[in-house]
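First to last, the protein sequences are chains R and Z.
Numbering-wise, the first sequence is residues 1 to 354 according to my numbering.
Numbering-wise, the second sequence is residues 355 to 478 according to my numbering.
Beta carbons: idealized from backbone N, C-alpha and C, even for Gly.
Values in this document were obtained by computation on a predicted structure and should not be read as measured data.
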Amino acid sequence: MSAPPSPTTPAHRWLQLSARLYRPLLLLYPPEFRRSFGREMEQTFRTCCREALREAGAPGLLRLWGNVLYDLTTSATVEHIRAWIALFKRLSGLEKELHMINSPFHLEFAQLTDIGLKRARNEDAMTTVIPSDQEALARRGALFVVADGLGGHERGEMASQLAINTISDAYYRSNGDDIAAALARAIHEANTAIYALSSQQEHEDEKEMGTTVVAAVLRGETVYAANVGDSRAYIVRGGKVQQITQDHSWVAEQVRLGALTEEEARAHQKRNIIYRCLGTSPDVEIDLYTESVQGGDALLLCTDGLSGLVSDDEMAEIVEHYSPQESVQRLIQRANEQGGSDNITAIVARVSLA
Amino acid sequence: MTRKEREPEALLPLTPAVFHILLALADRERHGYGIMQDIAARTNGTVRMGPGTLYGSIKRMLADGLIEESGERPDPALDDERRRYYRLTELGRRVLQAEARRLEQLLRIARAKHVLSGAERGGA
Numbered sequence: 001m002s003a004p005p006s007p008t009t010p011a012h013r014w015l016q017l018s019a020r021l022y023r024p025l026l027l028l029y030p031p032e033f034r035r036s037f038g039r040e041m042e043q044t045f046r047t048c049c050r051e052a053l054r055e056a057g058a059p060g061l062l063r064l065w066g067n068v069l070y071d072l073t074t075s076a077t078v079e080h081i082r083a084w085i086a087l088f089k090r091l092s093g094l095e096k097e098l099h100m101i102n103s104p105f106h107l108e109f110a111q112l113t114d115i116g117l118k119r120a121r122n123e124d125a126m127t128t129v130i131p132s133d134q135e136a137l138a139r140r141g142a143l144f145v146v147a148d149g150l151g152g153h154e155r156g157e158m159a160s161q162l163a164i165n166t167i168s169d170a171y172y173r174s175n176g177d178d179i180a181a182a183l184a185r186a187i188h189e190a191n192t193a194i195y196a197l198s199s200q201q202e203h204e205d206e207k208e209m210g211t212t213v214v215a216a217v218l219r220g221e222t223v224y225a226a227n228v229g230d231s232r233a234y235i236v237r238g239g240k241v242q243q244i245t246q247d248h249s250w251v252a253e254q255v256r257l258g259a260l261t262e263e264e265a266r267a268h269q270k271r272n273i274i275y276r277c278l279g280t281s282p283d284v285e286i287d288l289y290t291e292s293v294q295g296g297d298a299l300l301l302c303t304d305g306l307s308g309l310v311s312d313d314e315m316a317e318i319v320e321h322y323s324p325q326e327s328v329q330r331l332i333q334r335a336n337e338q339g340g341s342d343n344i345t346a347i348v349a350r351v352s353l354a
Numbered sequence: 355m356t357r358k359e360r361e362p363e364a365l366l367p368l369t370p371a372v373f374h375i376l377l378a379l380a381d382r383e384r385h386g387y388g389i390m391q392d393i394a395a396r397t398n399g400t401v402r403m404g405p406g407t408l409y410g411s412i413k414r415m416l417a418d419g420l421i422e423e424s425g426e427r428p429d430p431a432l433d434d435e436r437r438r439y440y441r442l443t444e445l446g447r448r449v450l451q452a453e454a455r456r457l458e459q460l461l462r463i464a465r466a467k468h469v470l471s472g473a474e475r476g477g478a
C-alpha cells in the first residue's frame, strides 16, 4: 500500500524521530506489560506514524502524537493499577499462584532442547524442579539443571541424563542450610555415578563418557550456581546479560588471559575443548557462585549450542522482550539460523514482583 | 491448567474498546494496526484507539479467552515486518453476539420511546 519514505526525505527523519521518542515513553508501562506488548506497540506506532504522514503530512503526525500521548497517560495508569490489584490478590491469597513464602516473588519458567541442524542425536539434557510443597520450596528453592553429554553412540545421552537425574534427586534428598554445599555434593554424586557407569563398559573406547553441567538453585532472592565444563548460567537484568559461571574451556581461558576476544573464541577451531568434565575421573572440581536477584530478573541456563552461536546482546534482547515460553523458542530458532552446529538447550526462569 | 466454563453473559457489558476489537475481528483475523484501521474506517475516524488502550484490551481479552494469537507473519499490504495476528475464539464470538443482542434490546426500548425520532440532538 505504501512504500517506506526514502532515508533522505524529511518524512523519514520525522518517522525516525517519532520512533525514538516513543520508545522511552513505553517505560511508563509496568515491566510485565512492556515485555508482552512493547515490541508490538512500537511496531504499530511506527506504522501509524507512516500512514499519518502519508495521509496528512506533518500536521497529521502531530495529531497522532496528541492522541497517542493522551492514550499513553490514561492506559499506563490503568495498567499500573491492574498490576497492583494483581499483586494484592496474589499477596492476599485471593489468587493462588506459585510464589515463595515470605516474599512476593513469583516464578515463571520454560525449558526447551533442540537437536540443532548438524547432529545426528541430541546429547543435551535438562530439568527444572519446583517443589509444589510451599514449605519445601521456601527451604530448598527451585532447581534448574542443563547438561551437554559427550561420548558418541548413546553414551553422551546416558551421561547427561544420569547427571540431571542424580543432581535433582540428591539435591532434594539433602538437608541443611548450606545450599551451595548441598548443590556441590549433588554434583559430586552425579560424577561418581557417571564414572561408575563408564568403568563398567567392556571396551576401552566405550569408557569415553562424560558431560558438562550447569545447575542453579533459586531460593528467595538468591541464586546459587555451580558448573563443570562450558554450559553457562546468566542473569538477564535491564536488557543486559551477566554471565554467572566461568567456562572450563580452552577458549574461555584464552579470553581471560586476553589472548582471544569473545567473538574470536566463538569461531575458534578449539572452541570445543573443555578441561573439566563430569564422569571422566573419580573426582571433579566444581565452581560455585552466589548472586542476588531482583524482581524482573531472568535466569538463563544454556549449553554451548546456544552461547557459542548467539551473542550475549542478542540473548539479552530476546529474554528481555519475551515471556520465558517464547524466549526459549526464539533463542533456539536464533541458534539454528546461525547454523545450528550443535544441540541447543535453554532454560529461562523469570522472577517477578507482579 | 483448567479453564472454567464461562457463560458469555458473565462478561457483559463490554467496554467500548473491547466491543470494537471484537467487531474488528468478527470477519477475519487481524494484527494490531489492522484492528485500529478497521475501527477508524467503520466509525469514519470518530473512534481512534491508541496503542496503549488497544494492547491493554488485547492483554485482558487474551487472558479472558475472548481472542487468541493466530501466528506471526508479514502483512503484504504494509511492509515486510512480521506482525502478530489475533482472531476470535468460540467464547469471543458468543460474547460478541450476546453484547450485540443486549444493545439491540436497549435500542428497541429507545425506539419505542421515540428517542431517535425526536429533536435533532446529534449522536453521542
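Between T245 of chain R and A259 of chain R the beta-carbon gap is near 20 Å, outside 8 Å, which marks them as no contact.
Among the CB atoms of chain R, none fall inside 8 Å of the CB of T369 of chain Z. The DSSP-derived three-state label of K270 of chain R is coil. For A163 of chain R against V214 of chain R, the beta-carbon gap comes to about 10 Å, at or over 8 Å, which does not count as contact. 8 Å or more divides the Cβ of E189 of chain R from the Cβ of I235 of chain R. By the C-beta criterion, the segment 322-338 of chain R is judged not to be in contact with the segment 72-88 of chain R, since fewer than 3 inter-stretch pairs fall below 8 Å. Chain-ordered, the chain Z residues with CB closer than 9 Å to the CB of L72 of chain R read G404, P405 and G406. If you look at T407 of chain Z, you'll find it in the alpha helix (DSSP H) that goes P405 to D418.
In the three-state DSSP reduction, G239 of chain R falls in the coil class, being neither helix nor strand.
Here the segment 38-55 of chain R lies against the segment 376-396 of chain Z, with 3 or more beta-carbon pairs under 8 Å apart.
Each of Z:L376, Z:L377 and Z:T407 was checked against the Cα of F37 of chain R, and the nearest Cα belongs to Z:T407. Chain-order list of chain R residues neighbouring E435 of chain Z: Q43, R46 and T47, by C-beta distance under 9 Å.
With fewer than 16 other beta carbons inside 10 angstroms of its own, S199 of chain R counts as exposed. Between G279 of chain R and A159 of chain R the beta-carbon gap is near 5 Å, inside 8 Å, which marks them as a contact.
Pairing G295 of chain R with R219 of chain R gives a Cβ-Cβ distance that is not under 8 Å. Along the segment 38-117 of chain R, the beta strand (DSSP E) occurs as fully enclosed runs of 3 or more residues at 106-114, listed in sequence order.
Per DSSP, reduced to three states, the secondary structure at R185 of chain R is helical. DSSP, read as helix, strand or coil, puts V213 of chain R in strand. At a cut-off of 8 Å between beta-carbon atoms, L432 of chain Z makes contact with chain R.
Look at G425 of chain Z: its C-beta is not under 8 Å from any C-beta on chain R. Inter-residue distance for Y172 of chain R and T192 of chain R is about 18 Å (C-alpha atoms, whole angstroms).
Identification of chain Z residues near F37 of chain R by a Cβ-Cβ cut-off of 7 Å yields Y409 and K413, ordered along the chain. The straight-line gap separating the alpha-carbon atoms of D169 of chain R and A298 of chain R is approximately 25 Å.
For G386 of chain Z, the closest Cβ of chain R is nearer than 8 Å. The distance from the Cβ of G446 of chain Z to that of I421 of chain Z is about 5 Å, consistent with a contact at the 8 Å cut-off. Going by beta carbons, R436 of chain Z and R448 of chain Z fall outside the 8 Å limit. By the Cβ-count criterion, E458 of chain Z is exposed, with fewer than 16 other Cβ atoms from all chains shown falling within 10 Å of its own Cβ. Contacts with chain Z at 8 Å (Cβ-Cβ) include F33 of chain R. Listed in chain order, the non-local C-beta contacts of P131 of chain R below 6 Å within the same chain comprise L137, local neighbours out to five positions each way being set aside. In this structure the segment 368-387 of chain Z does not lie against the segment 330-347 of chain R, because fewer than three pairs of beta carbons, one per stretch, are closer than 8 Å. Per the DSSP secondary-structure output, Y224 of chain R pairs in a beta bridge with R:V217 and R:T290. For D148 of chain R against D124 of chain R, the beta-carbon gap comes to about 5 Å, under 8 Å, which counts as contact. Against chain Z, a Cβ distance below 9 Å from E320 of chain R picks out nothing, because the smallest value is about 17 Å.
Using a Cβ-Cβ cut-off of 8 Å, R396 of chain Z does not count as an interface residue toward chain R, since no Cβ of chain R sits closer than that to its own. Sixteen is the threshold: since fewer than 16 other Cβ atoms of the shown chains lie within 10 Å of the Cβ of I273 of chain R, the residue is exposed.
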